[in-house]
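Asks: Each residue of the sequence shown is one higher than the one before, starting from 0 at the first, in numbering that gives the first Met the number 0.
Note that CB positions come from ideal geometry on N, CA and C, so glycine has one too.
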Amino acid sequence: MELWFSEFHSTDFKVDFRIRKQLFGQYSDYQHIQVFDTYEFGRMLVMDNIVMLTEKDEFIYHEMITHVPMAVHPKAERALIIGGGDGGTLRELCRYDDLKEIVMVEIDSLVVDVAKDYFPTVATSFGDPRVTLLFEDGLRYVRRCRDMFDVIIVDSTDPFGPGESLFTKEFYGNCSHALRDGGILVNQHEGTFYHNDAVEAAATYKKTSPIFKNTYAYQAHIPVYPAGHWLFGFMSDRYHPLDDFDPERWNARGLKTDYYNTELHRGAFALPNYVYRLLHEGVLLDHYFRRVVGNTIWPPEDDTLVSESGELADIDFSAIEKYGSDDE
Ligand code: AG3
Numbered sequence: 000m001e002l003w004f005s006e007f008h009s010t011d012f013k014v015d016f017r018i019r020k021q022l023f024g025q026y027s028d029y030q031h032i033q034v035f036d037t038y039e040f041g042r043m044l045v046m047d048n049i050v051m052l053t054e055k056d057e058f059i060y061h062e063m064i065t066h067v068p069m070a071v072h073p074k075a076e077r078a079l080i081i082g083g084g085d086g087g088t089l090r091e092l093c094r095y096d097d098l099k100e101i102v103m104v105e106i107d108s109l110v111v112d113v114a115k116d117y118f119p120t121v122a123t124s125f126g127d128p129r130v131t132l133l134f135e136d137g138l139r140y141v142r143r144c145r146d147m148f149d150v151i152i153v154d155s156t157d158p159f160g161p162g163e164s165l166f167t168k169e170f171y172g173n174c175s176h177a178l179r180d181g182g183i184l185v186n187q188h189e190g191t192f193y194h195n196d197a198v199e200a201a202a203t204y205k206k207t208s209p210i211f212k213n214t215y216a217y218q219a220h221i222p223v224y225p226a227g228h229w230l231f232g233f234m235s236d237r238y239h240p241l242d243d244f245d246p247e248r249w250n251a252r253g254l255k256t257d258y259y260n261t262e263l264h265r266g267a268f269a270l271p272n273y274v275y276r277l278l279h280e281g282v283l284l285d286h287y288f289r290r291v292v293g294n295t296i297w298p299p300e301d302d303t304l305v306s307e308s309g310e311l312a313d314i315d316f317s318a319i320e321k322y323g324s325d326d327e
């Protein structure tokens with residue numbers, strides 16, 4: 000009998016992974032955690048039916064969420080990871096000798112246990128003497144921090160369940176206080192192609208851009224995430240991700256990577272037009288990609304017709320702002 004795991008990327012589109020066997024499945028206090036042995040991707044971590052990582056492609060996500068801020072900050076000594084219980088972001092951060100302290104705040108201790116038991120190539124660095132691991136809600140933790148970190152990396156789930164509070168304005172505001180002068184915040188910023196992810200990506204940009212002087216999204220190709228394309232957010236009051244980026248300084252470190260390089264660092268900030276429109280104007284691709292409906296093409300090319308009918312209405316940000324509300 001063939002076993003398959005499906006993830007729905009929208010109500011009408013899913014991907015299927017052929018599974019050799021299920022290795023783990025348990026409800027923690029926060030979420031349903033599963034580990035599968037897949038044919039194509041090696042072991043795969045799934046939380047609440049959403050793929051978090053696979054052994055085959057996790058390097059892309061973890062390198063991009065870590066090396067981009069670390070290559071821009073000229074002298075990061077203290078770093079904070081919010082979430083990231085699988086240890087992949089921690090593994091990449093621990094490669095920087097000049098980091099003196101790394102705090103990781105993960106709400107769910109079972110994620111760390113599962114990573115240690117099933118993902119030995121990802122959970123490599125929990126024993127590093129610079130690491131302090133706290134099992135606590137990330138929002139509560141950053142509320143107490145002032146001027147503490149040079150780099151904060153928010154390696155969260157999607158904005159549902161335990162990750163929801165990590166997508167609120169209150170959380171980002173607290174992160175900005177938790178950063179030292181010249182600090183950089185990077186978060187996982189959702190996808191832009193399917194409707195629900197795109198709404199979240201636009202809402203995240205809308206919430207973070209008023210808080211930081213520099214707010215930029217950058218992209219990576221991540222095969223198992225929806226549309227194989229994912230965004231990260233770069234935020235800093237001082238540093239610009241390209242103008243303050245010194246490729247020679249990073250290359251001199253001699254870190255071996257499989258995805259990130261200094262050319263790609265530059266390229267990652269060049270966004271497709273539809274992504275730019277989504278983030279800056281709040282317009283969803285779903286609202287304007289032209290398709291045949293019955294025997295006409297919709298939406299009509301005539302913009303005025305569309306705006307009069309209101310059918311091309313932009314995202315209703317008032318609704319989005321309520322979503323993932325800032326009160327606990
Ligand atoms: N963090 C989750 C990214 C979101 C994936 N979303 C999806 N597949 N719909 C990944 C954690 C890796 N450390």
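Between which two residues does the alpha helix (DSSP H) harbouring residue 226 extend?
Replies: Taking the sequence shown and counting its residues from 1, one reaches residue 226 at position 227. Neither: residue 226 is in no alpha helix (DSSP H) and is coded neither H nor E.
Asks: Counting Cβ pairs closer than 8 Å, one from the region 194 to 204 and one from the region 95 to 112, do we hit at least three?
Replies: Not touching, per the Cβ criterion.
Asks: Can you list the beta strand (DSSP E) stretches of 3 or more residues lying completely in the region 90 to 175, in chain order?
Replies: Those beta strand (DSSP E) runs which fall completely within the region 90 to 175 and span 3+ residues are 100 to 105, 130 to 134 and 148 to 154.
Asks: Rounded to whole angstroms, what's the CA-CA distance from residue 253 to residue 237? Just pull it up for me.
Replies: The sequence position of residue 253 within the sequence shown is 254, counting from 1. The sequence position of residue 237 within the sequence shown is 238, counting from 1. Roughly 26 Å separates the two Cα atoms.
Asks: Using a threshold of 7 Å, is the CB atom of residue 187 nearer than that to any non-hydrogen atom of the ligand AG3?
Replies: Numbered from its first residue, the sequence shown carries residue 187 at position 188. Yes, the beta carbon of residue 187 sits closer than 7 Å to at least one heavy atom of the ligand AG3.
Asks: Counting along the chain, where does the beta strand (DSSP E) carrying residue 43 start and finish?
Replies: If you number the sequence shown from 1, residue 43 lands on position 44. Note, residue 43: beta strand (DSSP E), 41 to 46.
Asks: Are the CB atoms of residue 220 and residue 106 nearer to each other than 8 Å?
Replies: The residue given as residue 220 occupies position 221 in the sequence shown. The residue given as residue 106 occupies position 107 in the sequence shown. Not in contact: residue 220 and residue 106 (Cβ atoms no closer than 8 Å).
Asks: Within its chain, find whatever has a CB closer than 6 Å to the CB of residue 176; leave out the 5 residues flanking it on each side and keep chain order.
Replies: The count along the sequence shown starts at 1 and reaches residue 176 at position 177. These residues qualify, in order along the chain: 145.
Asks: Could you tell me the distance, in whole angstroms, from the CA atom of residue 263 to the CA atom of residue 230?
Replies: By 1-based counting over the sequence shown, the position of residue 263 is 264. By 1-based counting over the sequence shown, the position of residue 230 is 231. Each residue's Cα considered, the two are about 14 Å apart.
Asks: Need the endpoints of the beta strand (DSSP E) that residue 256 sits in, please.
Replies: Locating residue 256 in the sequence shown gives position 257, counting from the first residue. No beta strand (DSSP E) contains residue 256, which DSSP labels as neither H nor E.
Asks: Would you say residue 227 lies against chain C (beta-carbon separation less than 8 Å)?
Replies: The structure shown contains no chain C, having only a single protein chain.
Asks: Between residue 155 and the ligand AG3, is the CB less than 7 Å from at least one heavy atom?
Replies: In the sequence shown, counting from the first residue as 1, residue 155 sits at position 156. Under cutoff, so the answer is yes.
Asks: Consult DSSP for residue 52 and reduce its assignment to one of helix, strand or coil.
Replies: For the purposes of this step, residue 52 is taken as residue 53 along the sequence shown, with counting starting at 1. DSSP places residue 52 in strand when its eight states are reduced to three.
Asks: On the three-pair Cβ rule with 8 Å, is the region 175 to 189 touching the region 142 to 160?
Replies: Taking 8 Å as the limit for Cβ pairs, the verdict is that the region 142 to 160 does touch the region 175 to 189.
Asks: Taking only the alpha-carbon atoms, compute the straight-line gap between residue 110 and residue 85 and give it to the nearest angstrom.
Replies: Indexing the sequence shown from 1 puts residue 110 at position 111. Indexing the sequence shown from 1 puts residue 85 at position 86. C-alpha separation (whole angstroms): 6 Å.
Asks: Using the beta-carbon count (16 or more within 10 Å), is residue 10 buried or exposed?
Replies: By 1-based counting over the sequence shown, the position of residue 10 is 11. It counts as exposed.
Asks: Write down the C-beta distance between residue 202 and residue 278 rounded to the nearest angstrom, noting that I regard them as a contact closer than 8 Å.
Replies: Numbered from its first residue, the sequence shown carries residue 202 at position 203. Numbered from its first residue, the sequence shown carries residue 278 at position 279. Not really, about 10 Å apart at Cβ, beyond 8 Å.
Asks: From this set, 75, 47 and 3, which residue's C-alpha is nearest residue 40's C-alpha?
Replies: For the purposes of this step, residue 40 is taken as the residue at position 41 of the sequence shown. Considering only alpha carbons, the answer is 3.
Asks: Compute the Euclidean distance between the alpha carbons of residue 160 and residue 28, then round it to the nearest angstrom.
Replies: Translated into the one-based positions of the sequence shown, residue 160 becomes position 161. Translated into the one-based positions of the sequence shown, residue 28 becomes position 29. If you take the alpha carbons of residue 160 and residue 28, they lie about 11 Å apart.
Asks: Helix, strand or coil, according to DSSP, for residue 216 in the structure here?
Replies: One-based indexing of the sequence shown puts residue 216 at position 217. Three-state DSSP puts residue 216 in a strand.
Asks: In the DSSP assignment, the beta strand (DSSP E) including residue 74 goes from what residue to what residue?
Replies: Position 75 of the sequence shown, counted from the start, is the residue given in the question as residue 74. Neither: residue 74 is in no beta strand (DSSP E) and is coded neither H nor E.
Asks: With three or more beta-carbon pairs closer than 8 Å as the criterion, would you say the region 40 to 58 touches the region 75 to 83?
Replies: No, the region 40 to 58 is not in contact with the region 75 to 83.
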